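Below: one structure, written as structure tokens.
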Amino acid sequence: MRQHDNKQEPLWWTKNITYVTYMVREGSSLLIGVYALFSILYILLFYTPLETLAKWAHPAFDPLYKVIAMIGLAGAIIHSITWLAVMPTILPLKMPKAAQYFITLCLIGLWLAGSYYLSKTLYYSCFNY
Amino acid sequence: MVSRLLLSFKNTLLFLFQLLKMKIKIPKKDIVSWAGFSATATISAFLLPIHIWANRNFPLQISQRPVWLIVFATMIILFAAVFHSLYRMKTLCSDLHIKNKEKIGTTIEKIQIAAFVCLILLTIILLLESLS
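What follows is the structure, given as structure tokens:
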């Protein structure tokens, strides 16, 4: 039986803007992952029953957390915008291009409005801390 | 610009009308698999940026004593972020044709499991603390 040779170059994604957007979205997950894992570690160390460990963790991790939070925020914003833009196209439905653009605009609007609402309700205390 | 927007709106309405009349057939299997993957992506996309911005100085910075709602929100968002980002990291290794992608994939899965265990432990610790 003849085998199909499916070897692609590692830089195959640089040839098309759609592929570049896809890789940017995938790459932003790396930043989100770093933030998520670091904040889990930080919360775990801060709320540990071992007081000595908690006292050491807070001043040592505090400046690093702020930097990683900004990195995570950049990744999250890139991921949100690219994901909301691609969302109408990956639905298992066929819809016209104009409808896809319209849905993307609506989703971005919904995301911004929702974020504003959350900042005034759930995270209100965080902003007035 | 306005005419384009109106056209988009008209096309969206036509599309929804077609969907209601069930002219478009959607395989049920596709809907389930797509929903499973995109659930964590949607949580990350909609909630993660504002969550990080609100907690940019300190995670759970609302007070030294965490409130149960903030605890739940944080744990759900972190769960979605870990699940989705590590899943995408695995696909990224595959897309970039990295040589040891199987090994890296196994390591990522182990990190994922460790993170989930930590999240469960944290939820229990923080909820007990907020109730005491």
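Chains A and B, in that order, give the protein sequences.
Under my numbering, the first residue of the first sequence carries the number 3, and numbering increases by one thereafter.
Under my numbering, the first residue of the second sequence carries the number -18, and numbering increases by one thereafter.
The beta-carbon is built from N, C-alpha and C at its ideal position, and this holds for glycine as well.
It should be emphasised that the depicted structure is a prediction, and the values quoted were computed from it without experimental measurement.
- The three-state secondary structure of B/LEU77, taken from DSSP, is coil.
- Between B/HIS65 and B/SER25, the beta carbon gap of about 5 Å places them in contact (Cβ cut-off 8 Å).
- For A/MET25, the enclosing alpha helix (DSSP H) has its first and last residue at 19 to 48.
- Secondary structure at A/LYS96: coil, using DSSP grouped into helix, strand and coil.
- In its chain, beyond the 5 residues on either side, CYS74 and SER75 have a beta carbon closer than 7 Å to the beta carbon of B/LYS82.
- In this structure, the straight-line span from the alpha carbon of A/GLY35 to that of A/ALA100 is close to 34 Å.
- Of the candidates A/LEU109, A/LYS96 and A/GLY116, the residue whose Cα lies closest to the Cα of A/TRP85 is A/LEU109.
- Straight through space, the alpha carbons of A/TYR24 and A/ASN18 are spaced by roughly 10 Å.
- Between A/ILE80 and A/SER117, the CB-CB gap reaches or exceeds 8 Å.
- DSSP places B/THR87 inside the alpha helix (DSSP H), whose first and last residues are 82 to 112.
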